[in-house]
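Colleague: So the protein lines, in turn, are chains A and B. Per our numbering, residue 25 is the first one in the first sequence, and the count goes up by one each step. Per our numbering, residue 64 is the first one in the second sequence, and the count goes up by one each step.
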Amino acid sequence: MELRSNEFKTRAAANLGDEKLQRGLGLIKVKAVVNRANAVAEFGDFETLREVGKAIRDRALADLDLYLERFEREAVARGAVVHWAENASEACRIVVDIARENGVRTVAKAKSMVSEEVGLNDALIEAGIEPIETDLGEYILQINDAEPPSHIVMPVIHKTAEDVADLFHAKHGTPRKTDPAALTREAREILRPKFLSADMGVSGANFLIAETGSTLIVTNEGNGRLCTTLPRLHVAITGIEKVVATLEDASTLLRLLPRSATGQAITNYVSLHTGPKRLEESDGPQQFHIVLVDNGRSKLLAGEMREMLRCIRCGACMNHCPVYQAVGGHAYGWVYPGPMGNILTPSYVGLENAIALPNAATMCNQCGVVCPVKIPLPDLMRKLREEQMERGLKPWPERLGLALWGWAAQQPALYALGTRIAVRFMKWLGGREKLIHRLPLASGWSDGRDFPAPEGQTFRELYKERRQ
Amino acid sequence: MTARENILNRVRSALGRKVSPQDTASIDARIAAHPLGMQPPRDWEPELRFRARAEALASTVEKVSSLQSVPGAVARYLVTHDLPTGGICWPSLRKLDWIGAGLGMEDRPARGDDFVGVTGCYCAIAETGTLMLLSGPDTPAAASLLPETHIAIVETARIVPFMEDAWALLRAERGRLPRAVNFVSGPSRTADIEQTVTMGAHGPYRVHIILVG
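#1: Helix, strand or coil for R423/A, going by three-state DSSP, please let me know.
#2: Taking CB distances under 8 Å as the criterion, tell me whether G246/A reaches chain B.
#3: Identify the continuous beta strand (DSSP E) that holds E150/A and give its terminal residues.
#4: With A99/A as the anchor, note down where its alpha helix (DSSP H) starts and where it stops.
#5: Sort E422/A, N366/A, L424/A and T443/A by Cα distance to M405/A and report the nearest one.
#6: Can you find a C-beta in chain A that's less than 8 Å from the C-beta of I151/B?
#7: Confirm, please, whether the CB-CB distance from L486/A to A77/B is below 8 Å.
#8: DSSP three-state call for C391/A: helix, strand or coil?
#9: Just the chain A side, please: which residues come within less than 8 Å of P172/B by C-beta, in chain order?
#10: Is there a Cβ from chain B that is less than 8 Å from the Cβ of M178/A?
#11: Which residue from A466/A, G468/A and A477/A puts its Cα closest to that of K458/A?
#12: Enumerate in chain order the residues of its own chain whose CB-to-CB distance from I167/A is below 7 Å, with the five nearest sequence positions on each side excluded.
#13: For G103/A, which option in A355/A, R491/A, F312/A and A380/A has the closest C-alpha, if you only look at C-alpha atoms?
#14: When you compare the CB of P204/A with every CB in chain B, is at least one pair closer than 8 Å?
#15: Which of helix, strand or coil does DSSP assign to F231/A?
#16: What in chain B is Cβ-close to R444/A, meaning under 8 Å?
#17: Do you know how far the Cα of Q131/B is from the Cα of R237/B?
#18: Following the continuous alpha helix (DSSP H) through P217/A, name the residue where it begins and the one where it ends.
#19: Let me know the secondary structure DSSP gives P134/B once reduced to three states.
#20: Check the C-beta distance from R93/B over to A269/A and give it rounded, since I have them as a contact under 8 Å.
#21: Thinking just about the alpha-carbon of each residue, which of G183/B, G150/B and L197/B is nearest to the one in D170/B?
#22: Buried or exposed, going by whether 16 or more other CB atoms sit within 10 Å of the CB of A440/A?
#23: Quick check: what's the CA-CA separation for P199/A versus C251/A?
#24: I'd like to know if L146/B contacts chain A, where contact means its C-beta is closer than 8 Å to some C-beta of that chain.
#25: Within 8 Å of any Cβ in chain B, is that where the Cβ of S275/A sits?
#26: From the DSSP secondary-structure annotation, give me the bridge partner or partners of L438/A.
#27: Evaluate H144/B with the Cβ neighbour count: other Cβ atoms within 10 Å of its Cβ, from every protein chain shown; 16 or more gives buried, anything less gives exposed.
#28: Taking Cβ to Cβ, would you say P154/B is nearer than 8 Å to D307/A?
#29: For the alpha helix (DSSP H) containing T369/A, name the first residue and the last one.
#30: Determine the contact status of G352/A and N39/A, defining contact as a CB-CB distance below 8 Å.
#31: State yes or no: is the C-beta of W108/A within less than 8 Å of the C-beta of I70/B?
#32: Would you mind reading off the limits of the alpha helix (DSSP H) that contains K44/A?
#33: G175/B and L220/A - do their beta-carbons sit closer together than 8 Å?
#34: Return the CA-CA distance between Y268/B and L209/B, expressed in angstroms with no decimal places.
#35: Kindly indicate the opening and closing residues of the alpha helix (DSSP H) around W230/B.
#36: Please classify R112/B: does DSSP put it in a helix, a strand, or coil?
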C-alpha cells in the first residue's frame, strides 16, 4: 500500500470538512462504541479478562522463537507447507511463486491486513493473476479503483449507502438501489461464481495455534470460510507475532476480540484450519500454505515498542480515539490507522516517514483504557516523540522553542518573571471581553475559536496569596 | 542463511537468547497442560443458555424428542417458511427417512445453487449459542455454508458449557483436529454498509436449529 503518512496534516484538515466522512465517523460513536460498552458490561469482569489476555500474549512473545518452531513442526506434520518471509517483497514473491507453480489465474481473498501491509494485490496483478477481494467492504474498495481501507474492521466506514449505490450501478450495470440488504445481495450474487471458480484462496490468520499447527480466522460474512474451503489451494498469510500456545489461550482471546471490535460475544464464524484436505473429504484445499511474515516485527520485539506486538487487531483504539473520530482512517496514510497506526506505521516504515503520527493524539488514553490486551498506547507514542526529538526529526522552530523553554524552566527567577510578563500581556490582549481573538505564534488554534484570556496573575502568585 | 534462520535469530537475539535452546520443556509443559484462561461465571443451565443465545443471534430453535422426528420437523420448517423442500444433507444423515417426510435430500457435496443444507454438529457451546462443526468425509464443511438455509441438528446431550469443554471433548474422542473446525453462531452477516446489520452476506440467510433430546 502506498505510504502517505507524512501528508497527515493536510489530509486530516481536508477530512474535517468532508460531510460524508463525518457522517460515517459519527456512526462509530453511536454504534461501535456503544455496542462494545454493552458487550463488556454484559460479560462482567472484563478488566480481569483483559489482564488474562495480556498475560497470554506476553507469554507467547516471551518464547516467540520456541512457539514458532513448535507451530511449524505441528503444521508440517499435518501436511501444511510453512514459508518464512523477512519483508513485504519476499512475502509477495512467495505467494506469487505458489500461484505460478500451480497455474493459478484467480485468487479469492478474505480480509487480511498483512496482505494490505505487504501489497499483495499489486504483486499478484503484476504477475498476471487476478485477486478478488470478497469481504463486502474490501470488495467495494477494490472495484472503486483499489481505494485503500479507512478502518481495519469496517473498511468502508467513510462511504454512505448512496456512494455504494452509485458505485454498484456504474460497475455492475444493474438498476440503482440504496438499501444495504439489497446491495449486499447484489455483491453476494456477483461474488458467488467467483468463489466457485477461484483457483486459490488467500486468508490472514487472527491466531496461530502452536499446540496444533492450526491457523484461526474470525469472520462474520462467511467469505473467509468460502476462501478456505472451495479453491484447490489455500494460502494463509500472517505476522509472526500471532502465535499463541494452546486452543485454550485462543478461546480466552476470542472472548476479548469480537467484544472489543464490534460488541459481539463471538463472530458468526470462527474457523480453524489444520493441514490440507484429507483423502476421503469432498471439500477443502489440496494444498495449504502458511506464510509467516516478519517485516519489522522481530525488530519491535527487541525495542521499546515490544508491547505493541500484543495487538490482536480489534480496532477499539481507533473507534475510541477523538483524533480518529474526527479525521478518519485515510489521513493516517498507511494500512493501520488510529492509535495502533501511530505506533505501527513509524515502527514498520521508519519514524522519518510518519513524522506526524506519534503526535496525532490528545493523550487522553481512551485507547489504552479499551485495549483488550492493555497496550499502553500513549506511553509508546510518547517514547516515539522522544525519539523524534533525539533524532532531530522535529522542525527546527519546534526544537528551538522547546530548547529555550527547557533552559528557562531551569532558571526559577527568570521563569517566574517570564510568566508574569506573559500573563499580563495576555490579559491586555484579551481586553474588556477577556477573549483573545488571535494568539501570537498560535494562530492555527485561534483561527477557529477565541482563547479565554488569563486574569493577569500567575499560578505561583495566586498560590502565594492564598497561603497568606 | 535462509529467511527462517534470519527471522528466528533476530527473535532469539531480541529475547536475549544466545543459541537455539534445545530445552523447550517450559513451553512443552504449558502446551501439554493447556490451562484454562478465563471463563465467564456459569450461572445458567447449558441447554437454556444455548437456546437463548442462539435465538439472540437470529437463529431459530425448536426441539424434538428423537432423531426419527427430525425429517418431519425439517419439512414443517421449510413449508412454513415457503422454502424449497429439497436440498442436501451430510452423508452421515443419509439414513433418516427424508422421503417419508416429503423431502428430497441428497447426500452429495453442496453446490453454489443449493437452497437447503442439513447438517449435524460435533457439539454445541452454551456460552455463546454456537455450533461446532468438524470437517470430514461424512461431514463436509460446504454443506453448512453454500446453501441459503442451514438446518442443524443438535443432540442436547452434546451441549457443553464453554468452548474449552469442546476442546476437551475433541481431545478425548478424536485426539487431533480435523482439517477444518467451524464454529457457527447464527446466519452469515455484514455491517459494512453504514454499520447496518444485514443477514446473508456470503453464507446462509437462515440458521434453524433442531434440538434432539
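Just so it is clear, CB atoms sit at the ideal spot from N, CA and C, and this is done for glycine as well.
Modeller: Here's the rundown:
#1: For the purposes of this step, residue 423/A is identified with residue 399 of the first sequence, where counting begins at 1. Correct three-state label for R423/A: helix.
#2: Taking the first sequence and counting its residues from 1, one reaches residue 246/A at position 222. Yes, G246/A lies at the interface with chain B (some Cβ there is under 8 Å from its Cβ).
#3: Position 126 of the first sequence, counted from the start, is the residue given in the question as residue 150/A. From DSSP, E150/A is part of no beta strand (DSSP E) but of the alpha helix (DSSP H) over L144 to E150.
#4: Translated into the one-based positions of the first sequence, residue 99/A becomes position 75. Per DSSP, A99/A belongs to the alpha helix (DSSP H) from L88 to A101.
#5: Start at 1 with the first residue of the first sequence, and residue 405/A comes out as number 381. The residue with the shortest Cα to Cα distance from M405/A is N366/A.
#6: Here the question's residue 151/B lines up with position 88 in the second sequence. Chain A contact via Cβ: absent.
#7: Working through the second sequence from its first residue, we reach residue 77/B at position 14. Working through the first sequence from its first residue, we reach residue 486/A at position 462. No.
#8: Walking along the first sequence from the start, residue 391/A turns up at place 367. The answer is helix: DSSP assigns C391/A an H, G or I state.
#9: The residue given as residue 172/B occupies position 109 in the second sequence. Correct list: S306 and D307.
#10: Here residue 178/A corresponds to residue number 154 of the first sequence, with the count starting at 1. A Cβ of chain B is located within less than 8 Å of the beta carbon of M178/A.
#11: For the purposes of this step, residue 458/A is taken as residue 434 along the first sequence, with counting starting at 1. With distances taken between Cα atoms, K458/A lies closest to A477/A.
#12: What you label residue 167/A is simply residue 143 of the first sequence in a count that begins at 1. Excluding positions up to five away in sequence, the list reads L191 and K195.
#13: Looking up residue 103/A in the first sequence gives position 79. For the set A355/A, R491/A, F312/A and A380/A, the Cα lying nearest the Cα of G103/A is the one of F312/A.
#14: For the purposes of this step, residue 204/A is taken as residue 180 along the first sequence, with counting starting at 1. Against chain B, the CB of P204/A has a partner CB under 8 Å away; the residue lies at that interface.
#15: Within the first sequence, residue 231/A is the residue found at index 207, counting from 1. The answer is strand: DSSP assigns F231/A an E or B state.
#16: Here residue 444/A is taken as the residue at index 420 of the first sequence, counted from 1. Near R444/A there are no residues of chain B at all, since even the closest Cβ is about 51 Å away, more than 8 Å.
#17: On the second sequence, residue 237/B is found 174 positions in, with the first residue counted as 1. On the second sequence, residue 131/B is found 68 positions in, with the first residue counted as 1. Annotation: R237/B to Q131/B spans about 27 Å, alpha carbon to alpha carbon.
#18: Position 193 of the first sequence holds residue 217/A. For P217/A, the enclosing alpha helix (DSSP H) starts and ends at P204 to S221.
#19: As a first step, residue 134/B must be located in the second sequence, where it is residue number 71. In the structure shown, P134/B sits in a helix (DSSP, three-state: H, G or I).
#20: Translated into the one-based positions of the second sequence, residue 93/B becomes position 30. Translated into the one-based positions of the first sequence, residue 269/A becomes position 245. About 5 Å; that satisfies the 8 Å criterion.
#21: Position 107 of the second sequence, counted from the start, is the residue given in the question as residue 170/B. Out of G183/B, G150/B and L197/B, G150/B has the C-alpha closest to the C-alpha of D170/B.
#22: Stepping through the first sequence from its first residue, residue 440/A is reached at position 416. A440/A sits exposed, since fewer than 16 C-beta atoms from the chains shown fall within 10 Å of its C-beta.
#23: For the purposes of this step, residue 199/A is taken as residue 175 along the first sequence, with counting starting at 1. For the purposes of this step, residue 251/A is taken as residue 227 along the first sequence, with counting starting at 1. So the alpha carbons of these two residues sit roughly 28 Å apart.
#24: Within the second sequence, the letter at position 83 stands for residue 146/B. Answer no: the Cβ-Cβ gap between L146/B and chain A never drops below 8 Å.
#25: Mapped onto the first sequence, residue 275/A falls at position 251. Yes, its Cβ sits closer than 8 Å to a Cβ of chain B.
#26: If you number the first sequence from 1, residue 438/A lands on position 414. Under DSSP, L438/A forms no beta bridge with any residue.
#27: For the purposes of this step, residue 144/B is identified with residue 81 of the second sequence, where counting begins at 1. H144/B should be labelled exposed.
#28: Mapped onto the second sequence, residue 154/B falls at position 91. Mapped onto the first sequence, residue 307/A falls at position 283. Not closer than 8 Å, so no.
#29: Here residue 369/A is taken as the residue at index 345 of the first sequence, counted from 1. Where T369/A is concerned, the enclosing alpha helix (DSSP H) stretches over G362 to V373.
#30: In the first sequence, the residue the question calls residue 352/A occupies position 328. In the first sequence, the residue the question calls residue 39/A occupies position 15. Yes, the pair counts as a contact, with Cβ atoms nearer than the cut-off.
#31: Residue numbering aside, residue 108/A sits at position 84 when the first sequence is read from its first letter. Residue numbering aside, residue 70/B sits at position 7 when the second sequence is read from its first letter. I70/B is positioned such that its CB atom lies closer than 8 Å to that of W108/A.
#32: Counted from its first residue, the first sequence places residue 44/A at position 20. It spans E43 to V54 - the alpha helix (DSSP H) in which K44/A sits, taken as one unbroken run.
#33: The residue given as residue 220/A occupies position 196 in the first sequence. The residue given as residue 175/B occupies position 112 in the second sequence. Contact flag set, yes.
#34: Along the second sequence, one-based indexing puts residue 268/B at 205. Along the second sequence, one-based indexing puts residue 209/B at 146. Take the alpha-carbon of Y268/B and the one of L209/B: they are about 10 Å apart.
#35: Within the second sequence, the letter at position 167 stands for residue 230/B. First-last of the alpha helix (DSSP H) with W230/B: M226 to E236.
#36: Looking up residue 112/B in the second sequence gives position 49. R112/B: helix per DSSP, three-state reduction.
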